[in-house]
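Student: By my numbering, the letter at position 296 of the sequence shown is numbered 296, and the numbering carries on one by one without gaps. The structure that follows is given in the form of structure tokens.
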Amino acid sequence: MSATITELIKPEAKLWMGQPIKRKEDPRLITGMGRFIDDVKLSGMLYAAFLRSPYAHARIKKLDVSKAERHPGVVCVLTGEEVAKLTDPFLQISPHPANKLKDYCLAVDKVHFVGEPVVAVAAETRAIAEDALELIEVEYEVLDHVLDARKALQSDAPVIHEEVGSNLVFHGTWDYGDIEGAMNSADKVVKASLHFHRFSSTPIETNGVVAHLDRSTGFLTIYCNNQMPMFCVPWLSFGLRFPSNRMRFITGDIGGGFGVKIISYPYIALVCLLAMKAKRPVKWIEDRKEHLIAATHGNERSFDVEVPVKKDGTILGMKVVAYDDCGAYTRYEPAGATIWAQVTPGCYRFKNFRMDFYQVMTNKCPVGPNRGYSRMQHLWMIERIIDIAAKELGIDPADMRLKNYIAPEEMPYVTPSGGVYDGGNYAESLRKALKLIDYDGLREEQAIARRRGKLIGIGISTVIDSGTNNFGQVKILTDANPFSGNSEAARVSIDGLGQIQVALGTVPQGQGHETFASQIVADEFGLTPDQVTVLPWFDSAVNPYSHQSGSYASRSAVMGTGALLGATKKLKEKASIIAAHLLGETPDLIEFREGNAVVRTNPEKKIPLWQIANAAWVNNALLPKGMEPGLVAIHFWRPDFTFPDEKWRLNQTLTYSYQTHVAAIELDPDTGKFRILRYVVVDDCGRQINPMIVEGQVHGAAAHGIGAAMFENFYYDANGQLESSTFVDYLVPSAVDIPDIMTSSIETPSLFAPKGIRGVGEGGGSPLGAISNAVDDALRPFGITITDSHQNPQEIHALIRRKYPRGGHSVPSGL
Ligand code: MCN
Numbered sequence: 001m002s003a004t005i006t007e008l009i010k011p012e013a014k015l016w017m018g019q020p021i022k023r024k025e026d027p028r029l030i031t032g033m034g035r036f037i038d039d040v041k042l043s044g045m046l047y048a049a050f051l052r053s054p055y056a057h058a059r060i061k062k063l064d065v066s067k068a069e070r071h072p073g074v075v076c077v078l079t080g081e082e083v084a085k086l087t088d089p090f091l092q093i094s095p096h097p098a099n100k101l102k103d104y105c106l107a108v109d110k111v112h113f114v115g116e117p118v119v120a121v122a123a124e125t126r127a128i129a130e131d132a133l134e135l136i137e138v139e140y141e142v143l144d145h146v147l148d149a150r151k152a153l154q155s156d157a158p159v160i161h162e163e164v165g166s167n168l169v170f171h172g173t174w175d176y177g178d179i180e181g182a183m184n185s186a187d188k189v190v191k192a193s194l195h196f197h198r199f200s201s202t203p204i205e206t207n208g209v210v211a212h213l214d215r216s217t218g219f220l221t222i223y224c225n226n227q228m229p230m231f232c233v234p235w236l237s238f239g240l241r242f243p244s245n246r247m248r249f250i251t252g253d254i255g256g257g258f259g260v261k262i263i264s265y266p267y268i269a270l271v272c273l274l275a276m277k278a279k280r281p282v283k284w285i286e287d288r289k290e291h292l293i294a295a296t297h298g299n300e301r302s303f304d305v306e307v308p309v310k311k312d313g314t315i316l317g318m319k320v321v322a323y324d325d326c327g328a329y330t331r332y333e334p335a336g337a338t339i340w341a342q343v344t345p346g347c348y349r350f351k352n353f354r355m356d357f358y359q360v361m362t363n364k365c366p367v368g369p370n371r372g373y374s375r376m377q378h379l380w381m382i383e384r385i386i387d388i389a390a391k392e393l394g395i396d397p398a399d400m401r402l403k404n405y406i407a408p409e410e411m412p413y414v415t416p417s418g419g420v421y422d423g424g425n426y427a428e429s430l431r432k433a434l435k436l437i438d439y440d441g442l443r444e445e446q447a448i449a450r451r452r453g454k455l456i457g458i459g460i461s462t463v464i465d466s467g468t469n470n471f472g473q474v475k476i477l478t479d480a481n482p483f484s485g486n487s488e489a490a491r492v493s494i495d496g497l498g499q500i501q502v503a504l505g506t507v508p509q510g511q512g513h514e515t516f517a518s519q520i521v522a523d524e525f526g527l528t529p530d531q532v533t534v535l536p537w538f539d540s541a542v543n544p545y546s547h548q549s550g551s552y553a554s555r556s557a558v559m560g561t562g563a564l565l566g567a568t569k570k571l572k573e574k575a576s577i578i579a580a581h582l583l584g585e586t587p588d589l590i591e592f593r594e595g596n597a598v599v600r601t602n603p604e605k606k607i608p609l610w611q612i613a614n615a616a617w618v619n620n621a622l623l624p625k626g627m628e629p630g631l632v633a634i635h636f637w638r639p640d641f642t643f644p645d646e647k648w649r650l651n652q653t654l655t656y657s658y659q660t661h662v663a664a665i666e667l668d669p670d671t672g673k674f675r676i677l678r679y680v681v682v683d684d685c686g687r688q689i690n691p692m693i694v695e696g697q698v699h700g701a702a703a704h705g706i707g708a709a710m711f712e713n714f715y716y717d718a719n720g721q722l723e724s725s726t727f728v729d730y731l732v733p734s735a736v737d738i739p740d741i742m743t744s745s746i747e748t749p750s751l752f753a754p755k756g757i758r759g760v761g762e763g764g765g766s767p768l769g770a771i772s773n774a775v776d777d778a779l780r781p782f783g784i785t786i787t788d789s790h791q792n793p794q795e796i797h798a799l800i801r802r803k804y805p806r807g808g809h810s811v812p813s814g815l
């Protein structure tokens, strides 16, 4: 057994916040005692399997499930036709006419992407259910499909959802300052067409659901691993026509989410319908192939960007036209069509900005939030164009950034789109990263290497890692938007024996919330984190929650701490009154130290927590007259968020962390292969609750982004078939593919969030910029500009070949 948290802490430490204590949840996770969705087994449980579309776009002409229904061991079969009768289309947050889209949990009369569920089967075993799928006869009329967002907007493009009438989901223009004036006064306008590729997160645990309708009570219990289960309630309750007050959501340990598990509600609905029809509990566990073809992908986006600059490198503005491909259904979209604007100017001071943003449906897997959701595409574009501009101006990319960064003395800084950056020192972060990687030394090495015919490239990327989403931004999309702000709940209780228990609404997927919550609460009562028990897992019948609860948008450290501090404050107020009453003092003199209520002016005079709790729960006659018994407090915390103004300006998130990544690579021009020589990250997430967790998050996000930059890509062929639909083709990096990552931190407290904390969990997708810029830098002697966010050897080699068709694959001389 590992040492206890108390043994690990330095004896002189006063506060647990800021201490790198080991995670409380890890012993159960690393000894195989975690409780994941596939561990849920209910008596009489059936297993589900789904028949999925083999076509990108086709009409279902005929469907015959009779053989499957008769297959031994099959209990029930569900078709789209039945679903359309039993349920209502899922809620849409798109503006008109995209909000007319009829999204059901099974395809009704058409399929819209390869992998869309068409028929669901529940059987005694998964194998039987899968066998039965082979007995289903479907006749399809194949329709024209469209796989490219720009082509999908052309008048001759096939319309994916006839009820919508076009493939356009949203078009909006964000226009600030005077971009045309900036263009006119520029020394140069740098232009590029850039493409951000489609990839996803691949959590170790795929999606899963177990649904059970208890006919005796009428309760529908949904075990799942959705990372925002209570946010799904309107979709499920309206969709299934089932009262929300008889739905219960239970999540256990979740093996990673990264945003991809937010949009599992169509599958949850489907499994619920099967359970209702079969009158038995039903389990569905997504397999890896299903996950890759039909869970959710990250947003693919292309940009036409123009940047007016001065000769000295001053960026005057940015003019962008963006086309975002959201796949075949909108679901959480078009939220991604506004969320990028949390970080409109990135880390830079320019005020003139124009964005024309189109979000478009195509016959590909629907997208959903994916670590760095919507901002990483935008930030990659900014970091790439800054390097292109620096190259064209003959300025070092580090100097170009240092010239344009928002300065610490400008904080809090209001961005053109109304974001209020809550502190930070971007220049210090870059300087620190450059020092760590030995930038000057590397540049020298690079020059020597080039002379010897070797290619070394150095890439920098500094991104804003915004956290704690303000749902009010969805009002940009539609006035009918039913969400705004953000809120989180926590309950803290002291039981009759003086023991503290905490319950959170945050539904973690591996982020370590039991640990950080116990650190925060321990500090409030002068206890150790060992003495604070945080309930593992989430149960809507037990845990407090808001309908925005969940782990997403790097919000839980900030929101969870706000809720915990609110609850402990309420609890301490009541405990102080009881203690003062018992000690014959006034409540304002009571403070909590080492498990005692102590009289501040006379520390010898104290009473242990258990005696206060004893009075509150079982020795009620000791309580002040009229006081309600018990020691439990629930608090709902929210930042003061607002709605957008008429120019769509609003503070779209509460905290704005940032990270600088610098990568040094060596590239072989004969093969296009490259390896990372050195990799450095400097992060600033404000005050850190647990530096060990923060470091883990920084490493995780860096590895995630490096994987996306170098390996992971969803390739669709011309027929709309996903070519990278297994781990043989969709390359997730393993430990040997990820370089040693040198990390360092800066801690500038958030000006607005509780205890100066900022979020850290997403990381901003910075590796994509650092790696693209490093590859571009390595290829400089070839005069090649990298315009795609994915760098793979074949494509790099092809770029070199295109430029030097007759084998100019050695480094051109004289450079
Ligand atoms: N933390 C801290 N000090 C800070 C900020 C955070 O100690 N100043 C700690 C927190 O206490 C928490 C962790 O870092 O334990 C992450 O906190 P936060 O940034 O608030 O993010 P959330 O907990 O809300 O988690 C969501 C975030 C997101 S958006 C993605 S995507 C992501 C990420 O978390 N998915 C993850 N990290 C992940 N890590 C794991 N293991 N699995 C995922 O699915």
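Cβ atoms here follow ideal geometry from the backbone N, Cα and C, with glycine treated the same way. Only a predicted model underlies this, so the values are computations on that prediction, with no experimental measurement involved.
What span of residues does the beta strand (DSSP E) with Ala663 cover, start to end?
Tutor: That run of the beta strand (DSSP E) goes Thr653 to Leu667.
Student: Please tell me whether, using a cut-off of 7 Å, the distance from the CB of Ala557 to the nearest non-hydrogen atom of ligand 3 is below it.
Tutor: Ligand 3 is not part of this structure, which contains only ligand 1.
Student: Just the Cα atoms here: how many angstroms apart are Glu392 and His291?
Tutor: Spanning the two alpha carbons is a distance of roughly 42 Å.
Student: Out of Ala337, Gln92 and Ala433, which has the shortest C-alpha to C-alpha gap to Arg331?
Tutor: Of Ala337, Gln92 and Ala433, the residue nearest in Cα terms is Gln92.
Student: Would Cys76 and Ala335 be called neighbours here (beta carbons separated by less than 8 Å)?
Tutor: Result no, Cβ atoms of Cys76 and Ala335 do not sit closer than 8 Å.
Student: Using C-beta distances below 6 Å, list every residue in its chain close to Lys351, excluding the 5 sequence neighbours before and after it, in chain order.
Tutor: If we look at Lys351 and ignore the five residues flanking it on each side, its Cβ neighbours are Gly177 and Pro416.
Student: Can you say whether Gln697 is buried or exposed, counting buried as having 16 or more other CB atoms within 10 angstroms of its CB?
Tutor: Buried, because 16 or more other Cβ atoms sit within 10 Å of the Cβ of Gln697.
Student: By DSSP, does Glu723 sit in helix, in strand, or in coil?
Tutor: Glu723 falls in the coil class under three-state DSSP.
Student: Expressed to the nearest angstrom, what Euclidean distance is found between the alpha-carbon atoms of Ile786 and Tyr730?
Tutor: Rounded to whole angstroms, Ile786 to Tyr730 spans 22 Å at the Cα level.
Student: What's the gap between the Cα of Ser2 and the Cα of Pro529?
Tutor: Bear in mind that the predicted position of Ser2 carries a pLDDT of just 41, short of 50, making it unreliable; the figure below should be weighed with that in mind. Cα-Cα distance, rounded: 15 Å.
Student: Is the beta carbon of Gln227 closer than 8 Å to that of Val507?
Tutor: The answer is yes: Cβ separation under 8 Å.
Student: For Asp729, does the three-state DSSP call read helix, strand or coil?
Tutor: DSSP places Asp729 in coil when its eight states are reduced to three.
Student: Under 7 Å from any heavy atom of ligand 1, does the C-beta of Ile746 make it?
Tutor: Ile746 Cβ: outside cutoff for every heavy atom of ligand 1.
Student: Exposed or buried, which one is Cys30 when buried takes at least 16 other CB atoms within 10 Å?
Tutor: The residue asked about is misnamed: residue 30 is Ile in this sequence, not Cys. Flag for Ile30 reads exposed.
Student: Is Ala433 near Val680, with beta carbons less than 8 Å apart?
Tutor: Yes, these two residues count as a Cβ contact at 8 Å.
Student: Within its chain, find whatever has a CB closer than 6 Å to the CB of Ala575; leave out the 5 residues flanking it on each side and keep chain order.
Tutor: Within the same chain, Ala575 has close Cβ partners Ile612.
Student: Just to confirm, is the Cβ distance from Thr655 to Val502 under 8 Å?
Tutor: Cβ atoms of Thr655 and Val502: not closer than 8 Å.
Student: Could you have a look at Trp641 and say whether DSSP puts it in helix, strand or coil?
Tutor: It should be noted that the sequence gives Phe, not Trp, for residue 641. Looking at Phe641 - three-state DSSP - the assignment turns out to be coil, as it is neither helix nor strand.
Student: Give me the Cα-Cα distance between Lys102 and Phe90, rounded to the nearest whole angstrom.
Tutor: The alpha-carbon atoms of Lys102 and Phe90 are separated by roughly 7 Å.
Student: Going by DSSP, what residue range makes up the alpha helix (DSSP H) through Pro234?
Tutor: It spans Val233 to Leu240 - the alpha helix (DSSP H) in which Pro234 sits, taken as one unbroken run.
Student: Pick from Trp617, Gly424, Arg384 and Leu589: whose alpha carbon is nearest that of Ile494?
Tutor: Checked all of Trp617, Gly424, Arg384 and Leu589; the closest Cα to Ile494 is Trp617.
Student: If you check the beta carbons only, do Asn167 and Val321 fall under 8 Å apart?
Tutor: Contact: no.
Student: Looking at ligand 1, does it come within less than 7 Å of Pro20, judged from the CB to the closest heavy atom?
Tutor: No, the Cβ of Pro20 stays beyond 7 Å of every heavy atom of ligand 1.
Student: Could you spell out the range, first to last residue, of the beta strand (DSSP E) harbouring Gly459?
Tutor: First-last of the beta strand (DSSP E) with Gly459: Leu455 to Asn469.
Student: What residue range is occupied by the uninterrupted alpha helix (DSSP H) comprising Leu768?
Tutor: Unbroken alpha helix (DSSP H) run through Leu768: Ser766 to Ala778.
Student: Check Thr206 in the structure and name its three-state DSSP category.
Tutor: In the structure shown, Thr206 sits in coil (DSSP, three-state: anything other than H, G, I, E or B).
Student: How about Arg678: is its Cβ closer than 7 Å to a heavy atom in ligand 1?
Tutor: Because no heavy atom of ligand 1 lies under 7 Å away, the Cβ of Arg678 does not count as near it: no.
Student: Looking at Ala774: is its Cβ nearer than 8 Å to the Cβ of Gly394?
Tutor: Cβ atoms of Ala774 and Gly394: not closer than 8 Å.
Student: Quick one: does the C-beta of Gly700 sit closer than 7 Å to a heavy atom of ligand 1?
Tutor: Yes - ligand 1 has a heavy atom lying nearer than 7 Å to the Cβ of Gly700.
Student: Rounded to whole angstroms, what is the Cα-Cα separation between Glu573 and Phe643?
Tutor: Using only the alpha carbons, I get a separation of about 34 Å.
Student: Does the structure place the region 751 to 760 close enough to the region 406 to 424 that three or more beta carbon pairs sit under 8 Å?
Tutor: Taking 8 Å as the limit for Cβ pairs, the verdict is that the region 751 to 760 does touch the region 406 to 424.
Student: What is the residue span of the beta strand (DSSP E) that Thr251 lies within?
Tutor: Met247 to Thr251 is the extent of the beta strand (DSSP E) around Thr251.
Student: Taking C-alpha atoms, which residue in Gly181, Val260 and Pro234 lies nearest to Pro203?
Tutor: Nearest of Gly181, Val260 and Pro234 to Pro203, Cα basis: Val260.
Student: Does the distance from the CB of Ala541 to the CB of Ile634 come in under 8 Å?
Tutor: Cβ atoms of Ala541 and Ile634: not closer than 8 Å.
Student: Going by CA-CA distance only, name the one from Tyr329, Lys319 and Asp668 that's closest to Glu116.
Tutor: Out of Tyr329, Lys319 and Asp668, Tyr329 has the C-alpha closest to the C-alpha of Glu116.
Student: Return yes when at least one heavy atom of ligand 1 lies under 7 Å from the C-beta of Ala553, else no.
Tutor: Yes, Cβ of Ala553 sits closer than 7 Å to a heavy atom of ligand 1.
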